[in-house]
Structure formats: structure tokens, C-alpha cells
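This report concerns only the one structure given below.
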Amino acid sequence: MMRKTLLFILLSSVFATMKAQTGNVLYDRIIRQTVLFPQEKAYISTDADSYQPGGRISFHVFVVNAMTHQEDSLGNYVYTELIDSNRVVMSRVRILRNESGFTGYIDIPVDAAKGHYLLRSYTRNMQNVEGYDCLKSIFVGGRARILPSAENPSVKAKGVNCNNNLAIKRDKDFIKVSVLDMKDPVKTPLHLLGHCRSMPFYFGEISSQKPLLLRNDSLPDGVLSFILLDAGFNSLDEKLIFSQQGKDVCPVKIMLKPTGGQSADPIEGIITAPNLHKDELMNVVVRVSKATVDSPATHSNILSEFLLASDMAGNKEEPASVLSPETADRLLQGGHWLRYDMPSVIRGTCKRASKDRESSACIRGRVLQLIRNKGIEGASVNLISPNKGFFAVTTTDATGRFCFEGMDYPEGTQYVLNAFNKAGKPAVRLQLDEETFPPFTAQLPPYRWIKSNNTSDDDSLLYKKNGSILLKGVDIVSHRPTYASRSDAYARTADFSFGLRDIESIGATCLHELLRRVPGLTVEMDKCYVRSGATIHGRKPAAIAIDGTFMNEDFDLDNIQLSDVERVDVFKTGSTAIWGAIGGMGVISITTKKGGFEPKAMRKSNTKTFTTLGYQPSQPYTPTWQTPFWNPSLRGQSVRFSLPSTCRSGYRVIVEGMTTDGRIVFGEMTF
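With mature numbering (1 follows the signal peptide of the UniProt record, and there is no 0) applied, the sequence shown corresponds to residues -20 to -1, 1 to 651, in that order.
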């Protein structure tokens, strides 16, 4: 209700100077679009920026409305993935919302190589829009800084605008928007739409003889889109600029003071926001970590994500150092704001969301005839969870489909499905709908390793003020081999290989989920396809070889439990020569632990045993030497926290969060 009220006031003020009929029509169309297709943004706040192999990444995901920046997730789940530099998803967790929001963790494999990794978070609603992923850089084995995309010539804006009909100039107090002379005739009068996150701040007629002047302090914060429209509301040009007036930011004050007169007494921290509105509350994450030599501006933060990166098409993560109009405008040059097609919305064409919100976990599938592959209506389906003591029964619809809703159980929960026809006979084929996840197509932001001769961090680990001496930890690690370097001849020529340790560390629930992590490989209707797997006879799936023996084309990978698999090798078109003609469309080679897999030992066609990606159970945060304090669930008009007495100097406090009115909370202090 609060969001709708604020939106109504904002749009009403914009259209007050227009003809009443036109203003009401535009208002209704914009509201209709946001209702039919609500969108979300996300930001990942972590307990550190760099880690060691075998460490744990603790994180909190802020999910906000993409238009108003208020925390109001449409669903109850957030997915977070750890992605390596080869764009392979190493780990995926599913976070169920609780009283503190979305808080979870991901464990880094002990054999993770030094390098650049990404965290990616998304909801089901966020999968409706391409090019706006929520990304967070993580560095393993050292410290590094993110470079702005403008410093990397290989990074290009998505949807580059080749028109040059609008010109925007800035000065200290005003922004001047001018229409340039056009070569081709257009329908007049021309209109200019200015909006921020689809919320208009200007709409009116414009011409080359009458430029528009807007005061800087009248503009909202974030990415501003200026769209030049002809008389039919068709887009002629679009220009993006960045505005930072401080209206959407809630500054905070951080104070630290000892609780007593003794050096062993803890330190009390108090965070206040002097400019909070009446009844406005903060929801913040507080992190206290070692003050390293690198500047916090070399990492992304909640300001750079919500004000800039989340409204830049092309999956870019930007550091906090770009938050100035001059730098940000260079990044936005030639780009488009693509969350909504605003000219189409103004003309009355609105788009609907293709994916519904995820309020609960569901298990879906279909019961088919053994021979004709036709759905069976009225078939009985039993769902059993042995380790949870759960049992449920349902029947299929006219197409043979079934659904069990409310399957909100933790990760590792095992299920058994059994299906029978109307006569109670098991002569059916049970097909389970597997969970699908969006492919990773984003660009890894450019970065640079930080080298320093400052040994104060190392010395601080050895010396304790109570006189005790702590030995340094000894980490024994091995670098993860590249995916094409395994022991035998077949694996050495494979494009991607997953060994036993890889399979265990990734935590996939089935072979299909494991294979979806391979770039260029898709799974559709229980069949695996390599990107180039097409012939003059149509698209053909990759061949399946188990322990060196090719299976029939209708072989179902669900017949193999992932716990029985020792290694999986994927051969694409260039590396399939060793398999002969049958491997022309790609080969997936599976090596079992026992060897000698026999198709005759397959399970019954009416039974499936499986595990799903359940939610991650919450665990308390364990302090580390790098981050002695991290709390993701502090809420109120002011918040308090307590630090151990050893944290008296050489640390940095970082506060990130949102207010109930949709303002961004950010503050930092080094002590």
C-alpha cells in the first residue's frame, strides 16, 4: 500500500502539467505494466571480499522491488551460485526466506584454484528478464580489485544505440536536453520521456528550436533514461545518464565506545540514521573486518549495485569507484534501459511475466503409457520421503501431469515416486520434471590482483595483547586441474570432465543437474544436446556411453544414481573423433564406480528415487580472523552490536541495507 501511494503521488505530480486525459492514460498504462510484470533486483552482501580454499562464504541477499527499491520479494526462495572463471557453476544453494530475509552460505572447495569467482543470486521472478543478473566478485587465494568496465575495451554495452538524435549536456546546476537535426523526416510533434526505473519525471513536447532544461536537484537517483518519441510514440533515440542527488540514500553514523575501563572489556557499536523518516526502519548487515590496504571503492557495494549496475543491461558488476556522473555516463554511453519497453507501454502494449512467483517448492511430472508415450489421465502417483516420514497421493490430469505442492524440505531430502494406471498396474512410465536454472551468460568484470609489501596484517595474526602467541594456520591445498586434464586418454581429450571430487563438491542431485553446468550443453525432455548438435535431419541428442558402452537413444539418465558415478566426461564436436561416427553430435561418457554397467539392471519404469535442491538450513555465523563480526539481521531506527576487546584498531566497519521506504543504507568507518 505504501509503495502504491508513493507511486501515485510521483506520477500525479509528473502529469499535473499535461492534459488530464493524456496524463490519466499514460498513468494507467505504466501502472498496468508494473502490475502485470513486477520486477525485482537483488544485491549480495558478503562477510568478506577474498577467501582461501576450503573457506566459507557467508552472505545475505537483499531482494527489492526494481521500481521502488522497497524490500518486498514476490517469492519465498532465492538461489545463489558460486561460478568459477570457466563459467562453470561449482555450487548452488536455495535459500528460504525467514524473519531476517535471505541469509545463507557456500563452502569453497578445498582444491579451488587461486582466481576470480562470482556469486550470482536470483529469484524465479528475476528469470523473466535477461541481462540483469545480480553478481558479486569473490577472490580466492589473494586480494584483487574490480576495474570499471570502461577500462576493458572488450566489454561492450548491450543493445548499442546507433542513433544520434538527442544530445545531453551537464553543468553545475542544470541538464540540457537538445534535439539534433534529423536526416530522415519524422512525424511531429516530437515528445520526450524521461524516466528513472520506469517512473517518469518528465513527459512533454520537444523540438530542435526548444531544448529542455532540468535542474539537477529535481532529478531522482539512479540511471535516467531520456527517450525521444515521434508523434506515434515510436522511439527515435535514447540516452542514458547517471544521477546521484542523495534522495534515495539514507546516510548513517557509526560510533564505537568501550563498555568499561578495562582493556579486556568488549566494545559497543551504535549505528544511527539521523535523517530517518517517521516510522521508517533500517534493515542492515553489519560487517567488521580487517582494514586491508585496498580501498573499499575497488569493490562493488549496495550503492553501486542498486543505483547503477542493476539498471545496466549486459550483466555488469561495477565497483563503487564509478559512482560519479562523469565515470558512470561513460559506462552508460550507447546503452538502453531494457527492463520494460517504455515506448510500447506508452502506446498501450504491456508485457506479462512468463514465470510465476515461487511461493513454495513443487515436485511435478507426468505419467505416460509405456509404448505410445501418451499421458494417462487418472493415474495414481504416490510420493514418499523415507527420512522425513512424509507420504502423499495425487492423481494425474487429462494430459497425465501431476504436481505435489508445499515440498518445503531441507536439502538432502530423499523422495520415492511410484505411479500406477487406473487399474492399479505398474505398466506405466514415470517422467519427472527436473528443475531448470538460467544459463550463465554474463561477462566477468575485469580485475587486477593487489600486491603489497605491508606485513602488518601478518604480524597482527602472531601477536595477541594478552601475551599469548598464536601459530599461523597451515593450509595444504592442491590446485584444481583444468577440466581437460585428467588421468586417462579419453578424459585428456574431453572438453569438460567432472571427477569424483568434483561431483562431491558441486553437490548436484542428479546427472542432469550436473550436466547443466557445462557451457553449451542443454537438457530438454531427459535428452542432452550439445549447442552445435544439429543435422539436415533435425536436432539430435548427444550419445550416452556408460563404462565405454553406448546406450540406446531413449536411455534415461535418471536410471543412474549420481552416488554410483565416479567420473563424467563431456566431448563436444571437435573432440569426438575417438568415439567414431556415433559421437558426431557429442558424447557424454559416464564411468561408474563398480564398472560394467548393464542396462538390464535398470529400475522399474514406474518408480523414481531422487533428491531435490531443498532449502539450506540456517547456521550461526562463525567469526574468522579476517571478519570477527558479521550480523545480517539488524533492524530498527538504530542498531547496536558488540565487538570483542581485541578489535580496538586496524578494522573497518561496513554497513549495508535498505529502509522500509526504499532508501539505500550505506556507511563505513575505519578504526
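The beta-carbon is built from N, C-alpha and C at its ideal position, and this holds for glycine as well.
Could you have a look at residue i and say whether DSSP puts it in helix, strand or coil?
| i | result |
| --- | --- |
| I251 | strand |
| M638 | strand |
| N105 | helix |
| V300 | Sequence inspection shows Ala at residue 300; the Val mentioned does not correspond to that position. Three-state DSSP puts A300 in a helix. |
| residue 653 | The structure shown does not extend to residue 653, since the chain spans only -20 to 651, so no value can be given for it. |
| P276 | helix |
| I486 | helix |
| Y7 | helix |
| L424 | coil |
| Q394 | strand |
| L98 | strand |
| residue 702 | With the chain represented from -20 up to 651, any question about residue 702 goes unanswered, as that position is not in the structure. |
| L54 | coil |
| V510 | strand |
| R344 | strand |
| D475 | coil |
| L208 | strand |
| N532 | coil |
| D29 | coil |
| Y631 | strand |
| D336 | coil |
For residue i, I'd like the list of residues in its chain whose CB is within less than 7 angstroms of its CB, leaving aside the five on either flank, ordered along the chain.
| i | result |
| --- | --- |
| L261 | R615, G616, Q617, T639 and T640 |
| N281 | A300, E636 and F646 |
| A407 | L350 and N401 |
| N143 | L216 and D217 |
| A308 | F222, L288 and V302 |
| G575 | D527 |
| I356 | V347, L348, Q349, T376, G380, N401 and V408 |
| V232 | I251, T252, A253, V635, V645 and G647 |
| R620 | E248, G249 and I250 |
Would you mind reading off the limits of the alpha helix (DSSP H) that contains residue i?
| i | result |
| --- | --- |
| M322 | M322 to R327 |
| R310 | P305 to L312 |
| H316 | Per DSSP, H316 belongs to no alpha helix (DSSP H) and is neither H nor E. |
| H492 | L491 to L495 |
| S284 | I282 to L287 |
Within the same chain, show all residues whose beta-carbon is closer than 6 angstroms to that of residue i, passing over the 5 residues directly before and after it, in chain order.
| i | result |
| --- | --- |
| P89 | S485 |
| T374 | V361 and F382 |
| I343 | F384 and M387 |
| G121 | K94 |
| E338 | G55, Y57 and R104 |
| D64 | M70 and Y97 |
| G642 | T48, H49 and Q50 |
| V68 | R497 |
| K331 | F17 |
| S158 | A147 and P191 |
| V633 | I234, V268 and M649 |
| M(-3) | Any answer about M(-3) is weak, because its pLDDT of 46 lies below 50 and its placement is not dependable; what the coordinates show is given next. None. |
| M106 | E20 |
Taking the straight line between their C-alpha atoms, what separation do you get for residue i and residue j?
| i | j | result |
| --- | --- | --- |
| P133 | V265 | With a pLDDT of 44 at P133, under the threshold of 50, the modelled position of this residue cannot be trusted; read the value that follows with caution. Spanning the two alpha carbons is a distance of roughly 35 angstroms. |
| K573 | Q596 | 28 angstroms |
| A253 | G630 | 24 angstroms |
| G369 | L593 | 18 angstroms |
| S215 | R319 | 15 angstroms |
| L495 | T502 | 8 angstroms |
| V109 | D217 | 22 angstroms |
| R77 | Q19 | 18 angstroms |
| V548 | Q541 | 13 angstroms |
| R123 | H40 | 21 angstroms |
| S334 | L236 | 49 angstroms |
| K584 | L537 | 14 angstroms |
| Q599 | N611 | 12 angstroms |
Determine the extent of the beta strand (DSSP E) in which residue i is found, giving its start and end residues.
| i | result |
| --- | --- |
| L350 | Careful: L350 lies outside any beta strand (DSSP E) and carries neither H nor E. |
| R74 | V69 to L76 |
| F384 | R381 to F384 |
| R409 | V408 to L412 |
| H257 | Neither: H257 is in no beta strand (DSSP E) and is coded neither H nor E. |
| G84 | F82 to D87 |
| D549 | V545 to F551 |
| K237 | K233 to P238 |
Within its chain, find whatever has a CB closer than 8 angstroms to the CB of residue i; leave out the 5 residues flanking it on each side and keep chain order.
| i | result |
| --- | --- |
| R36 | Y85, I86, D87, I88 and T602 |
| T393 | S365, N367, K368, T591, T592 and G594 |
| D245 | P238, T239 and S625 |
| L127 | P299, P425, P426, Y427 and R428 |
What residue ranges within the region 559 to 621 form continuous beta strand (DSSP E) runs of no fewer than 3 residues, ordered along the chain?
567 to 572, 587 to 591 and 609 to 616
Whole beta strand (DSSP E) runs in the region 137 to 178 with 3 or more residues, listed along the chain?
146 to 150, 154 to 159 and 170 to 176
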